[in-house]
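**Student:** Here it is: the structure, laid out below.
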Amino acid sequence: MTRANTYDERYARPEYYWGKKPSTLCERVIELAPPREGSRPKLLDLGCGEGRDCVYFARHGFDVVGLDLSEVGLAKARRYAEEIGVQVRTVCADIVAYELDDLYHVIFSTGTLHYLPKRVRTCRFQDYKEHTTPGGIHALTVFVEKPFIPRAPDAEENSHPYRSGELLGYYWDWEILYCTEEIFDCRSSGIPHRHAVNRVIARKPGG
Ligand SMILES: C[S@@+](CC[C@H](N)C(=O)[O-])C[C@H]1O[C@@H](n2cnc3c(N)ncnc32)[C@H](O)[C@@H]1O
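Structure follows, in structure tokens:
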């Protein structure tokens, strides 16, 4: 059984809560791991929401699985994919306990991995790394805590932002292709605030 998700309400509205524009790292993934002619590499989007990134990757030739806790979001992702004429498979699951059962060429996630409590992170990242093909990549964006940025007014209790640099540490034994920290303004909840994020793209040795 999956837990109730506060995103269900946001996703129940007809408009796309996160819009349809793909998120920041999508283009870089295509640059770094473009599907070869005749191949359909497997890509997993952890916390795919309403599918803006899943649809982008499916359009670029990936065999996409979108995973999210919100079935409302996943139904919207499937609808969006159908409209565009691409296929996206969906899995409704809680990343806190979910163990992968397939191998992926790319594991992607934007704005979701802070729902992993610190106690499960080493184990979950190990599982993600093991279920990646040699030469495959992970492209991840996580919220990080900075002492000079107040917690967001709409932050949930089960939100556990990362320590700056922590995400990079899980990839000490992979090739780091890209790593940044950015601070941006946000108006979610209607109250202006700021977020800091780390973005990491890492390649598994081999392949
Ligand atoms: C900030 S949204 C990002 C959505 C999407 N990645 C995007 O950028 O459009 C976070 C997503 O994580 C999902 N989520 C929250 N807790 C989760 C959990 N424990 N397991 C799986 N997904 C979860 C929410 O339903 C939501 O869709």
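The sequence shown begins at 0 in numbering that gives the first Met the number 0 and counts up by one.
Glycine included, every Cβ here is placed at the ideal spot set by N, Cα and C.
(1) If you draw a straight line from the C-alpha of Arg77 to the C-alpha of Pro146, how long is it?
(2) Give me whichever residues DSSP pairs with Asn4 in a beta bridge.
(3) Quick one: residues with CB closer than 6 Å to any heavy atom of ligand 1, in chain order, please.
(4) For Leu66 versus Asn4, is the C-beta distance shorter than 7 Å?
(5) How far does the alpha helix (DSSP H) with Ala76 in it extend, from its first residue to its last?
(6) Looking at the unbroken beta strand (DSSP E) that takes in Ala153, where does it start and where does it end?
(7) In this structure, how does DSSP classify Asp101 when only helix, strand and coil are distinguished?
(8) State the DSSP-derived secondary structure class of His113, mapped to helix, strand or coil.
(9) Looking only at its chain, what residues have a beta carbon closer than 7 Å to the beta carbon of Trp17, apart from the 5 residues adjacent to it on each side?
(10) Considering just the uninterrupted stretch of the alpha helix (DSSP H) at Val256, what are its terminal residues?
(11) May I ask you to verify whether the segment 22-41 touches the segment 75-90, counting CB pairs closer than 8 Å and requiring at least 3?
(12) Is Tyr79 closer than 7 Å to Gly106 when the C-beta atoms are compared?
(13) Taking the alpha carbon of Pro116 as the reference point, which residue from Glu155, Lys20, Val63 has its own alpha carbon closest?
(14) From the DSSP output, read off the bridge partner residues of Asn197.
(15) How is Lys20 classed by DSSP in three states: helix, strand or coil?
**Tutor:** On the basis of the data shown:
(1) Arg77 and Pro146: Cα-Cα distance of roughly 39 Å.
(2) The bridge partners DSSP lists for Asn4 come to none.
(3) Answer in sequence order: Asn4, Tyr6, Trp17, Ser22, Gly46, Cys47, Gly48, Arg51, Asp67, Leu68, Ser69, Gly72, Asp93, Ile94, Val95, Thr109, Gly110, Thr111, Tyr114.
(4) No, they are not a contact pair.
(5) Here the alpha helix (DSSP H) through Ala76 covers 70-83.
(6) Note that residue 153 is Asp in the sequence shown, not Ala. Under the DSSP assignment, Asp153 falls outside any beta strand (DSSP E); it carries neither an H nor an E label.
(7) DSSP places Asp101 in coil when its eight states are reduced to three.
(8) Three-state DSSP puts His113 in a helix.
(9) For Trp17, the CB contacts under 7 Å within the same chain, skipping 5 residues up- and downstream, are Gly48, Glu49, Arg51 in chain order.
(10) This structure cannot settle anything about residue 256, because the visible part of the chain is limited to 0 through 206.
(11) Fewer than three beta-carbon pairs drawn from the segment 22-41 and the segment 75-90 are found closer than 8 Å, and the two stretches are therefore not classed as touching.
(12) Checking the displayed sequence, the identity of residue 106 turns out to be Ile instead of Gly. Taking 7 Å as the cut-off, the Cβ atoms of Ile106 and Tyr79 do not count as close.
(13) Among Glu155, Lys20, Val63, the Cα nearest to that of Pro116 is on Glu155.
(14) BP columns for Asn197 point to Val141, Glu180.
(15) Correct three-state label for Lys20: coil.
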